[in-house]
Amino acid sequence: MAKVAINLSTGSIQQEEVIVGIDLGTTNSLVAYIHPEDKKPIAINDQGRGTIVPSVVHFTQTGETIVGTEAKDYLTTDPAKTIYSVKRLLGKSYKDVGEHKDYFGYKIIDDDSEGLVKIRVGDKFYSPIELSAEILKELRERAEHSLKTPVNRAVITVPAYFNDSQRQATRDAGKLAGLEVLRIVNEPTAAALAYGIGIDQNEEKTVAVYDLGGGTFDISILSIHQGIFEVLSTNGNTYLGGDDFDRAIINHWIQENQLIADTVNEDKNLQQELRLRAEEAKKTLSSQPAYTGTINGTIDCHIERHTFETLIAPTVARTIESCRMAMADAKLQPEQIDAVIMVGGSTRVPMVYEAVSEFFGKPANNTLNPDEVVSLGAAIQADILAGNRKDILLLDVTPLTLGIETMGGLMDSIIPRNSKIPTKAGRQYTTSIDGQVNMKISVYQGERDLVQENRKLAEFDLKGIPAMPAGFPKVDVNFILNADGILKVEAIELRSGVRQEVEVKPQYGLTDEQVEQMLMDSITHARDDVNTRMVIEARTTAEQMLYQVERFVEKNGQHLTAEEIELTRTNLQNLKDALPSGDKNTILKAVDILEEQTSPFAERVMQISIKQAMAGKKIE
Ligand code: ADP
Ligand code: MG
25 MAKVAINLST GSIQQEEVIV GIDLGTTNSL VAYIHPEDKK PIAINDQGRG TIVPSVVHFT
85 QTGETIVGTE AKDYLTTDPA KTIYSVKRLL GKSYKDVGEH KDYFGYKIID DDSEGLVKIR
145 VGDKFYSPIE LSAEILKELR ERAEHSLKTP VNRAVITVPA YFNDSQRQAT RDAGKLAGLE
205 VLRIVNEPTA AALAYGIGID QNEEKTVAVY DLGGGTFDIS ILSIHQGIFE VLSTNGNTYL
265 GGDDFDRAII NHWIQENQLI ADTVNEDKNL QQELRLRAEE AKKTLSSQPA YTGTINGTID
325 CHIERHTFET LIAPTVARTI ESCRMAMADA KLQPEQIDAV IMVGGSTRVP MVYEAVSEFF
385 GKPANNTLNP DEVVSLGAAI QADILAGNRK DILLLDVTPL TLGIETMGGL MDSIIPRNSK
445 IPTKAGRQYT TSIDGQVNMK ISVYQGERDL VQENRKLAEF DLKGIPAMPA GFPKVDVNFI
505 LNADGILKVE AIELRSGVRQ EVEVKPQYGL TDEQVEQMLM DSITHARDDV NTRMVIEART
565 TAEQMLYQVE RFVEKNGQHL TAEEIELTRT NLQNLKDALP SGDKNTILKA VDILEEQTSP
625 FAERVMQISI KQAMAGKKIE
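The numbering of the sequence shown is this note's numbering, which starts it at 25 and goes up by one.
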């Protein structure tokens with residue numbers, strides 16, 4: 025059913041609602057849509073202000089919020105009330121970002137280091153979600169103003185390495201900005217779509233997306249087949265980008281010019297001026313061999329392209345090193361890459377373009393505007409979701425295993441790492457104690473055998489299980505990982521139908537390095553982990569055995585002889601003594617002895633109860 029929207033400015037009724045595509049960037053954000061006539065994606069340029077909206081939020085003295093280029097002007101003059109790079113904080117805890125806190129010119133609150141980080145502006149506290157929502161609201165307003173129609177739905181892009189928490193935070197920011205977020209899409213996927221890769225379902229392609237923005241660098245290797253986009257590997261550096269190029273130019277001018285060197289530390293205005301001129305110089309050098317300008321209208325500054333290239337060469341080399349690592353992780357050789365796509369304003373630097381083309385052994389694609397390409401792809405995805413194109417599936421893989429805690433603190437994996445998403449998997453569990461009415465479900469992410477070494481995502485109680493003997497209830501635990509990488513966990517007791525579910529909104533996010541560390545740790549500790557797991561499993565078996573036998577003797581003691589009871593007690597005690605040994609063989613041996621000795625009891629009691637039951641009935 026088509027939605028009907030009323031255009032308030034013209035009073036006319038519009039048949040179709042636009043779904044926009046949004047690139048919510050660290051430095052710059054853009055909104056794009058599919059033009060209804062030529063069906064091509066275009067970035068929205070409202071009132072000729074340009075397509076690029078700097079991702080900067082400024083709070084004025086009078087309590088107003090401004091976003092974009094006007095807000096950027098306050099970066100030097102009112103840094104405490106001017107928030108930039110908020111994307112770096114999305115879905116993160118203070119613990120995650122604390123070491124970089126000097127990077128930010130505003131105040132990041134260190135209250136509860138595992139909770140989501142907060143930012144203080146004057147006497148108000150903001151979450152990165154609220155601040156990102158301000159940027160999204162601005163984009164939404166510009167789109168509504170320019171298209172003259174309400175905009176309520178959007179597709180938003182995120183870096184491929186964003187984890188559940190960061191994706192959820194992006195979604196929440198959209199919601200706060202009044203947008204229904206139809207899909208969170210990976211930036212490299214959007215870039216590939218913008219180049220038309222993946223539109224044809226029969227096409228098979230391996231693509232490298234090189235994204236060098238203002239302060240971040242990402243390389244992603246994608247495999248595209250049957251309309252499925254699979255991220256084979258990602259690499260990069262979340263503190264490397266065009267800002268480093270600007271800084272290199274500033275430092276060069278400081279070294280060259282005594283006047284600048286003498287005053288730059290005290291003079292805020294000069295710092296801002298230097299930053300603006302350096303960026304201008306850098307951009308000029310992308311198309312000219314030299315730049316000449318003046319700082320504050322008085323000091324001459326000059327730089328040539330070859331000098332600039334000498335300054336940035338080490339930084340560019342580091343990005344190529346990341347490409348090498350991403351290729352190694354994807355187990356691919358440069359010849360196996362069908363297309364290299366350039367994304368991000370900084371890929372306009374000719375040296376960057378050449379280095380990337382050289383590494384991959386083919387000219388990189390840069391025919392689309394590298395600032396806009398992600399938003400254009402997001403608009404195409406929005407169009408697909410609107411049902412205007414044949415359905416294209418987007419597929420990613422989960423970086424870490426998802427599972428739940430079972431007896432003894434063991435990790436029971438439900439969705440293994442590298443599973444393609446969306447995906448659904450489940451397993452059946454039961455109770456370990458007679459009459460147990462609650463079951464705790466603890467959800468973890470990680471590769472280690474012990475949950476305590478992994479990361480807890482959520483915990484809830486399945487309540488109201490009808491009292492039954494241990495082992496009777498059947499509890500299905502299902503993990504549903506949607507296309508955005510957000511996990512829903514549901515638990516259902518099948519006999520009674522009691523049901524409980526959670527959507528996992530992890531307490532705090534993981535950095536790329538942490539994911540890597542978790543994977544590394546799982547390899548280094550593999551042998552220890554296997555041993556520990558075996559000991560725990562032995563102990564769990566022993567505890568269940570102790571519980572069962574003790575209950576049995578309590579209930580059915582009258583059917584056992586005094587010697588049998590005595591021997592059972594001795595064997596029970598031996599098993600209890602074996603538990604603290606921490607040696608799986610000792611424990612399992614004691615379990616065996618107890619089991620062998622007591623197993624005939626159950627049969628005997630069964631026979632007796634059958635006889636009694638029969639005796640009570642008359643069989644004709
Ligand atoms: P992000 O994705 O991190 O939000 P962008 O892709 O918008 O960032 O890239 C912004 C960066 O691109 C800035 O450092 C900006 O100076 C740089 N940039 C923009 N145009 C050019 C150009 N013509 N030459 C070199 N760098 C450029
Ligand atoms: Mg970007």
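Virtual Cβ for every residue (Gly too), placed ideally from N, Cα, C.
What are the boundary residues of the beta strand (DSSP E) that includes H249?
Walking along the sequence shown from the start, residue 249 turns up at place 225. For H249, the enclosing beta strand (DSSP E) covers residues 241-249.
Do you know offhand how far T213's Cα is from A491's?
Translated into the one-based positions of the sequence shown, residue 213 becomes position 189. Translated into the one-based positions of the sequence shown, residue 491 becomes position 467. Cα to Cα, T213 sits roughly 50 Å from A491.
Since H82 sits in a beta bridge, which residues does DSSP pair it with?
Along the sequence shown, one-based indexing puts residue 82 at 58. Per DSSP, I90, T106.
Pull the bridge partners of F149 from the DSSP assignment, please.
Stepping through the sequence shown from its first residue, residue 149 is reached at position 125. DSSP, once it has assigned bridges, lists R144 as partnering F149.
Rounded to whole angstroms, what's the CA-CA distance from I43 to L283? Just pull it up for me.
Here residue 43 refers to the residue found at position 19 of the sequence shown. Here residue 283 refers to the residue found at position 259 of the sequence shown. Roughly 53 Å separates the two Cα atoms.
Measuring from the CB of G87, is there a heavy atom of ligand 2 at a distance below 7 Å?
What you label residue 87 is simply residue 63 of the sequence shown in a count that begins at 1. G87 Cβ: outside cutoff for every heavy atom of ligand 2.
What I want to know is whether the C-beta of V398 ends up closer than 7 Å to one or more non-hydrogen atoms of ligand 2.
In the sequence shown, counting from the first residue as 1, residue 398 sits at position 374. Proximity of the beta carbon of V398 to ligand 2 is indicated: a heavy atom of the ligand is located closer than 7 Å.
Hey, T422 and A350: beta-carbon distance below 8 Å or not?
As a working note, residue 422 is residue 398 in the sequence shown. As a working note, residue 350 is residue 326 in the sequence shown. The answer is no: Cβ separation not under 8 Å.
For M675, name the three-state secondary structure that DSSP assigns.
Coverage of the chain is limited to positions 25 through 644, which leaves residue 675 absent and any answer about it impossible.
Which two residues bound the contiguous beta strand (DSSP E) that contains S257?
Counting from one through the sequence shown, the residue named residue 257 turns up at place 233. DSSP places S257 inside the beta strand (DSSP E), whose first and last residues are 252-261.
Using only the alpha-carbon positions, how far apart do D607 and G385 sit?
To locate residue 607, count along the sequence shown from 1; it is residue 583. To locate residue 385, count along the sequence shown from 1; it is residue 361. Spanning the two alpha carbons is a distance of roughly 57 Å.
Where A566 and R191 are concerned, what is the direct C-alpha to C-alpha distance, given to the nearest angstrom?
On the sequence shown, position 542 is the one that residue 566 refers to. On the sequence shown, position 167 is the one that residue 191 refers to. Distance between the alpha carbons of A566 and R191 is about 43 Å.
Using 8 Å for Cβ pairs, my map puts F383 next to G450. What's the rounded Cβ distance?
The count along the sequence shown starts at 1 and reaches residue 383 at position 359. The count along the sequence shown starts at 1 and reaches residue 450 at position 426. With a Cβ gap of about 44 Å, F383 and G450 do not count as contacting.
Rounded to whole angstroms, what's the CA-CA distance from R112 to D268? Just pull it up for me.
The sequence position of residue 112 within the sequence shown is 88, counting from 1. The sequence position of residue 268 within the sequence shown is 244, counting from 1. Distance from the CA of R112 to the CA of D268, rounded to the nearest whole angstrom, comes to 17 Å.
Would you identify the three-state DSSP class for T213, choosing helix, strand or coil?
For the purposes of this step, residue 213 is taken as residue 189 along the sequence shown, with counting starting at 1. It is helical.
My output table needs one value for D625: the three-state DSSP class, helix, strand or coil.
In the sequence shown, the residue the question calls residue 625 occupies position 601. Reading the sequence as shown, one finds Phe at residue 625 and not Asp. Note: F625 maps to helix in three-state DSSP.
Going along the chain, which residues of its own chain have a beta-carbon closer than 6 Å to the beta-carbon of P530, five neighbours each way excluded?
In the sequence shown, counting from the first residue as 1, residue 530 sits at position 506. Because the pLDDT at P530 is just 40, under 50, the model does not fix this residue reliably, and the value given afterwards should be weighed accordingly. Within the same chain, P530 has close Cβ partners D188, S189, L481.
In this structure, does DSSP put Q531 in helix, strand or coil?
As a working mapping, residue 531 is identified with position 507 in the sequence shown. Low confidence applies here, because Q531 scores a pLDDT of 34, under 50, leaving its location unreliable; read the following figure in that light. The answer is coil: DSSP assigns Q531 none of H, G, I, E or B.
Would the stretch 87-94 and the stretch 421-435 be scored as touching if the rule is three or more Cβ pairs under 8 Å?
no
What three-state label does DSSP hand K487 in the structure shown?
Against the sequence shown, residue 487 aligns to sequence position 463. Coil at K487, not helix or strand.
Any chance the CB of D242 is under 7 Å from a heavy atom of ligand 1?
Here residue 242 corresponds to residue number 218 of the sequence shown, with the count starting at 1. Flag unset: Cβ of D242 not near ligand 1.
With DSSP run on the structure shown, which of helix, strand or coil describes T75?
Looking up residue 75 in the sequence shown gives position 51. Looking at T75 - three-state DSSP - the assignment turns out to be coil, as it is neither helix nor strand.
Tell me the rounded alpha-carbon separation between S109 and A215.
Sequence index remark: in the sequence shown, residue 109 carries index 85 (1-based). Sequence index remark: in the sequence shown, residue 215 carries index 191 (1-based). Using only the alpha carbons, I get a separation of about 21 Å.
Are the beta-carbon atoms of V380 and Y234 separated by less than 8 Å?
Here residue 380 is taken as the residue at index 356 of the sequence shown, counted from 1. Here residue 234 is taken as the residue at index 210 of the sequence shown, counted from 1. Yes, the Cβ-Cβ distance between V380 and Y234 is below 8 Å.
For Y150 and H249, I'd like the C-alpha separation in whole angstroms.
Taking the first residue of the sequence shown as 1, we reach residue 150 at position 126. Taking the first residue of the sequence shown as 1, we reach residue 249 at position 225. Whole-angstrom Cα-Cα distance: 42 Å.
So, under 8 Å CB-CB, R195 and V205 are touching, yes? Tell me the CB distance rounded to an integer number of Å.
Against the sequence shown, residue 195 aligns to sequence position 171. Against the sequence shown, residue 205 aligns to sequence position 181. Indeed, because the Cβ distance is near 5 Å, the residues count as touching under 8 Å.
Which of the three DSSP states is assigned to I516 in this structure?
One-based indexing of the sequence shown puts residue 516 at position 492. I516 falls in the strand class under three-state DSSP.
Short of 7 Å in beta carbon distance, which residues of its chain neighbour S36, apart from the five on each side in sequence? Order them along the chain.
Counting from 1 along the sequence shown, the entry for residue 36 is found at position 12. Note that S36 scores 45 on pLDDT, short of 50, meaning its location in the model is unreliable and no value can be drawn from it.
Which partner residues of M431 appear in the DSSP bridge assignment?
In the sequence shown, residue 431 corresponds to position 407, counting from 1. According to DSSP, which records beta bridges pairwise, M431 is partnered with nothing at all.
How would you label P60, buried or exposed, when you count the other beta carbons within 10 angstroms and need 16 or more for buried?
Position 36 of the sequence shown, counted from the start, is the residue given in the question as residue 60. It is exposed - the Cβ of P60 has fewer than 16 other Cβ atoms within 10 Å.
Can you tell me whether P497 is buried or exposed? The criterion is at least 16 other CB atoms within 10 Å of its CB, across all chains shown.
As a working mapping, residue 497 is identified with position 473 in the sequence shown. Counting Cβ neighbours within 10 Å, P497 comes out buried, since at least 16 surround it.
Mind reading off the beta-carbon distance from V80 to L99? Whole number of angstroms is fine, and I expect it under 8 Å.
Your numbering for residue 80 matches position 56 in the sequence shown. Your numbering for residue 99 matches position 75 in the sequence shown. So it is a contact: roughly 7 Å between Cβ atoms.
If you count every other CB in all the chains shown that lies within 10 Å of the CB of L163, and 16 or more means buried, which is it?
By one-based count along the sequence shown, residue 163 stands at place 139. Classification of L163: buried, given that the 10 Å Cβ count is 16 or more.
So, helix, strand or coil for S633, using DSSP?
Locating residue 633 in the sequence shown gives position 609, where the first residue counts as 1. Helix, per DSSP.
Which residues does DSSP list as the beta-bridge partners of E154?
Within the sequence shown, residue 154 is the residue found at index 130, counting from 1. Beta-bridge pairing links E154 to no other residue.
Please give me, in chain order, every unbroken run of the alpha helix (DSSP H) with length at least 4 that falls completely inside the stretch 162-246.
188-200, 211-218
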